[in-house]
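Chains as they are written, first to last, in the numbering used here: chain Z, -1 to 158; chain R, 68 to 264. For reference, the structure discussed in these notes is given below.
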Amino acid sequence: MFTGPEIESVFAELGITHVVWIPDTAIGPWESALAGSSRLRLIRVCREGEAWPLAAGLHLGGQTPLVVMQTTGLFESGDALRNVLFDLKLPIYSLIGVRNWLVPQSRDTAKLFSEPILNAWGLDCQWIADPADKPKLAEHYRRCRAAGIPGVALMAEGAP
Amino acid sequence: MPTLNNMPVVDALQVVADLCCGNQLVVTNQGSARIWPKLRRRSLDFHYNPSTMSGAIPLALGLALAQPQREVVAVSGDGSLLMSLGSLVTVVGSGVTNLTIVLLDNGLYEVTGGQETPAARSAVDYAGLARAAGFPSTAEFRDFANWQTQAADVLALPGPRFVHLTVSTAPPDYLTSSTPPLAEQLAGLQHALSMED
């Protein structure tokens, strides 16, 4: 969907200071652009559950973090997300890669449960399912920031 | 199960409270979030409750990365750390140097009534785990007098630092104590940080 330089440019222009992530095969190619950026910092965590409170600390400390992970990590880190977005009420934005979304015949449960679980959380979501959708990432991020709410960009991925 | 030792947890935390003043940030959670407000109250002490288990260290790491001019102390229980031992690796990998982790180890999930952790009978070498993860400065204390005497020196070692304290269980009246309301704490913390920037 996005190349590394493209996504680095989008994140930097949005004022994101830190990308807290665990990559997957679709997001992973962004690593060199994000790690080499002079405009933001890439923070690698060992487990997705660390990403949300780490982003919370960055936010409370005055920075503008973004959480990036795959849906599998979203499922794994549900309690941390719940705590940070709903107990602490922090407007942390995230970009979630949805494995196999672009494979119509796929019955991958990481794909099937992605929307239902985000709907259950009641989170404001935006699909990035096609290259034409790329501008929607920045538009949605800005809307969520203006509203002071968390948001999720769902990036459709192919097979890993 | 470590039920007898020479490190009363309240006294051990009082040492930390006495040393972590000025513009330092302190993050507590679980049992320590209930004890600390009885020892001291200030806006730069954040009692992370309700929290996500194992979240105190990552949250403190985020604060340390965001506020590199300050020292940040994370007080974690052993049960919380066991849920995310990888967070030790994340701390070192981040390159942060202004963070200290104080581990309160009593072998128990204390706030749920004192059930044993999987490590309760195996004497896990937490400081050794931190060293293996790459922490440049680690220490461990089982005796309060030693901790009281050496704490200032330990907290001045190159960061990130990891301190393993084998402590007693908390007095019941501390564990039933409530933490200050989260919204009030968050507003106070963000106000304090903005005022000092």
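We put the beta carbon where it would ideally sit given N, CA and C, even for glycine. Note that the structure is a prediction, hence the values are computed from the model and not measured.
Asked	Found
What does residue 143 of chain Z touch in chain R if you count any residue whose Cβ is under 7 Å from its own?	Within 7 Å Cβ-Cβ: nothing; residue 143 of chain Z doesn't reach chain R, min ~17 Å.
For the ligand MG, is there a heavy atom less than 8 Å away from the beta-carbon of residue 137 of chain R?	No copy of the ligand MG appears in this structure; indeed no ligand is present at all.
Hey, is residue 94 of chain R's beta-carbon within less than 9 Å of any beta-carbon in chain Z?	yes
Verify the CB distance criterion: does residue 159 of chain Z have a CB-CB separation below 9 Å to chain R?	Residue numbering for chain Z in the displayed model covers -1 to 158; residue 159 of chain Z lies beyond these limits and cannot be assessed.
Report the neighbours of residue 37 of chain Z on chain R: residues whose CB is nearer than 8 Å to its CB, in chain order.	Here the premise fails: no neighbours, minimum Cβ distance about 16 Å.
Within a Cβ cutoff of 7 Å, which residues of the same chain sit near residue 211 of chain R, ignoring the five residues on either side of it in sequence?	73, 74, 75, 78, 79
Residue 98 of chain R and residue 237 of chain R: beta carbons closer than 9 Å?	yes
Identify every run of the beta strand (DSSP E) within the region 146 to 199 of chain R, keeping only runs that are complete inside it and at least 3 residues long; order them along the chain.	166 to 172
Determine, for residue 68 of chain Z, whether the minimum Cβ-Cβ distance to residues of chain R falls below 9 Å.	no
Counting Cβ pairs, one atom from each stretch, are 3 or more of them under 8 Å apart for the region 113 to 128 of chain R and the region 34 to 53 of chain Z?	yes
Residue 28 of chain Z by DSSP, collapsed to three states: which one?	helix
Using 8 Å as the Cβ pair cut-off and three pairs as the minimum, do the region 174 to 193 of chain R and the region 127 to 142 of chain R touch?	no
Hey, quick one: how far does the alpha helix (DSSP H) through residue 222 of chain R stretch, first residue to last?	211 to 222
Tell whether a beta-carbon distance below 9 Å holds between residue 159 of chain R and residue 225 of chain R.	no
Please confirm if residue 248 of chain R has its CB atom under 9 Å from at least one CB of chain Z.	no
Compare the beta carbon distance of residue 30 of chain Z and residue 10 of chain Z with 9 Å and say whether it is the shorter of the two.	no
Just list the alpha helix (DSSP H) runs in the region 36 to 69 of chain Z, keeping only unbroken ones of 4 residues or longer that don't cross its boundaries, in chain order.	46 to 58
Quick one: list the residues of chain R neighbouring residue 128 of chain Z, beta-carbon separation under 8 Å, in chain order.	Result: empty, since nearest Cβ-Cβ is about 34 Å, beyond 8 Å.
With 16 other CB atoms within 10 Å as the buried threshold, where does residue 70 of chain R fall?	Low confidence applies to residue 70 of chain R: its pLDDT is 46, below 50, so where it sits in the model is not reliable enough to give any reading.
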